[in-house]
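Enquirer:
Residue numbers (the working numbering), protein chains in the order written: chain R, 17 to 131; chain B, 495 to 605.
Below is the structure:
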């Protein structure tokens, strides 16, 4: 299994540009999430999904859209990039909550700079 | 989810045990304690979790106090590769929760 994969690893955008961060998992996990991590800070939840076709907002959803058309993929869209969105973005997946090993698997991250 | 409190940083000599504390005084009866770590801006990595009994796996041991208001993650023989930020999280083990990662403890293993 490849686990959780994210593309691209690095991205530089100009203010106002849009882009999509890709996330895929091959573990047949129901739950997927997007987090952002700013320098010296913990992870903050942007959006999450509990299954295909179901998404919801996290702590900091403004400026981001998500969709979940398949179990495997959970892309994050930046609608109009702003310098405040400069951050490292992590995607995570986990099994359904009835598993006692309910651990999240994280991708390697996408480092985004908005100029 | 119950909130957790961790010291911002700790040092540990290489080869010694690293004991990382976490306070979770408002933990509910059905909430587990989970530990993750993040090595140098990589994605966080699951370490261990427990409810009330002490737990051990190949990476670490987790000691939970009898009243469950605090816990300690123990890395028995710290190596330089254990230098990382360690996050303590409490949550129920069923259903989906908006898990909050605080700022964790930055563990520096010193040669």
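All residues carry an ideal CB built from backbone N, CA and C; glycine is no exception.
Everything numeric in this text was worked out from a predicted model, so none of it was measured.
Let me know the secondary structure DSSP gives residue 560/B once reduced to three states.
Expert: Mapped onto the second chain, residue 560/B falls at position 66. Here residue 560/B sits in coil by DSSP.
Enquirer: Looking only at DSSP bridge pairs, what is residue 72/R linked to?
Expert: For this step, residue 72/R is matched to residue 56 along the first chain. BP columns for residue 72/R point to 64/R.
Enquirer: What residues match up with residue 108/R in a beta bridge as DSSP calls it?
Expert: One-based indexing of the first chain puts residue 108/R at position 92. Answer is 49/R, 122/R, bridged to residue 108/R.
Enquirer: Indicate whether at least one CB of chain R lies closer than 8 Å to the CB of residue 580/B.
Expert: To locate residue 580/B, count along the second chain from 1; it is residue 86. Chain R, which has no Cβ nearer than 8 Å to the Cβ of residue 580/B, makes this no.
Enquirer: Whole angstroms is fine: what's the gap from residue 552/B's alpha carbon to residue 30/R's?
Expert: To locate residue 552/B, count along the second chain from 1; it is residue 58. To locate residue 30/R, count along the first chain from 1; it is residue 14. Roughly 45 Å between the two C-alpha positions.
Enquirer: For the stretch 97-112 of chain R, list every residue whose C-beta sits within 7 Å of some C-beta in chain B, in sequence order.
Expert: 104, 106
Enquirer: Counting C-beta neighbours from all protein chains within 10 Å, is the total for residue 103/R 16 or more, i.e. buried, or is it exposed?
Expert: Here the question's residue 103/R lines up with position 87 in the first chain. Looking at its Cβ environment, which holds 16 or more other Cβ atoms inside 10 Å, residue 103/R is buried.
Enquirer: Extract the residue ranges of the beta strand (DSSP E) inside the stretch 532-588 of chain B, only unbroken runs of 3 or more that lie entirely within it.
Expert: 539-544, 555-558, 564-569, 578-586
Enquirer: Could you please give the first and the last residue of the uninterrupted beta strand (DSSP E) stretch that includes residue 38/R?
Expert: Counted from its first residue, the first chain places residue 38/R at position 22. Under the DSSP assignment, residue 38/R falls in the beta strand (DSSP E) whose first and last residues are 35-41.
Enquirer: By Cβ distance below 7 Å, which residues in the same chain neighbour residue 88/R in space, the five residues on each side in sequence not counted?
Expert: To locate residue 88/R, count along the first chain from 1; it is residue 72. Excluding positions up to five away in sequence, the list reads 40, 41, 42.
Enquirer: Skipping 5 residues on each side, what residues in its chain have a beta carbon closer than 8 Å to that of residue 75/R?
Expert: Your numbering for residue 75/R matches position 59 in the first chain. Cβ within range, chain order: 60, 61, 62.
Enquirer: Answer with buried or exposed for residue 129/R, where buried requires no fewer than 16 other C-beta atoms within 10 angstroms of its C-beta.
Expert: By one-based count along the first chain, residue 129/R stands at place 113. So residue 129/R counts as exposed.
Enquirer: In this structure, does DSSP put residue 503/B in helix, strand or coil?
Expert: Indexing the second chain from 1 puts residue 503/B at position 9. Of the three classes helix, strand and coil, the one that applies to residue 503/B here is strand, per DSSP.
Enquirer: Check the Cβ of residue 120/R against every Cβ in chain B and list those closer than 8 Å, keeping chain order.
Expert: Here residue 120/R corresponds to residue number 104 of the first chain, with the count starting at 1. The contacting residues are 530, 538, 540, 593.
Enquirer: When you compare each of 106/R, 84/R, 120/R to residue 536/B by their alpha carbons, which one comes out closest?
Expert: Within the second chain, numbered from 1, the residue matching residue 536/B stands at position 42. Comparing Cα-Cα distances from residue 536/B to each of 106/R, 84/R, 120/R, the minimum goes to 106/R.
Enquirer: Does any C-beta atom of chain B lie closer than 8 Å to the C-beta of residue 59/R?
Expert: Counting from 1 along the first chain, the entry for residue 59/R is found at position 43. It does: the Cβ of residue 59/R has a partner Cβ on chain B nearer than 8 Å.
Enquirer: Over what stretch of residues does the beta strand (DSSP E) that includes residue 512/B continue unbroken?
Expert: Residue numbering aside, residue 512/B sits at position 18 when the second chain is read from its first letter. Where residue 512/B is concerned, the enclosing beta strand (DSSP E) stretches over 512-517.
Enquirer: Just the Cα atoms here: how many angstroms apart are residue 110/R and residue 558/B?
Expert: Counting from one through the first chain, the residue named residue 110/R turns up at place 94. Counting from one through the second chain, the residue named residue 558/B turns up at place 64. Near 24 Å, if we compare the C-alpha coordinates of residue 558/B and residue 110/R.
Enquirer: Would you say residue 123/R reaches chain B, if we count a Cβ-Cβ gap shorter than 8 Å as a contact?
Expert: Mapped onto the first chain, residue 123/R falls at position 107. Closer than 8 Å: yes.
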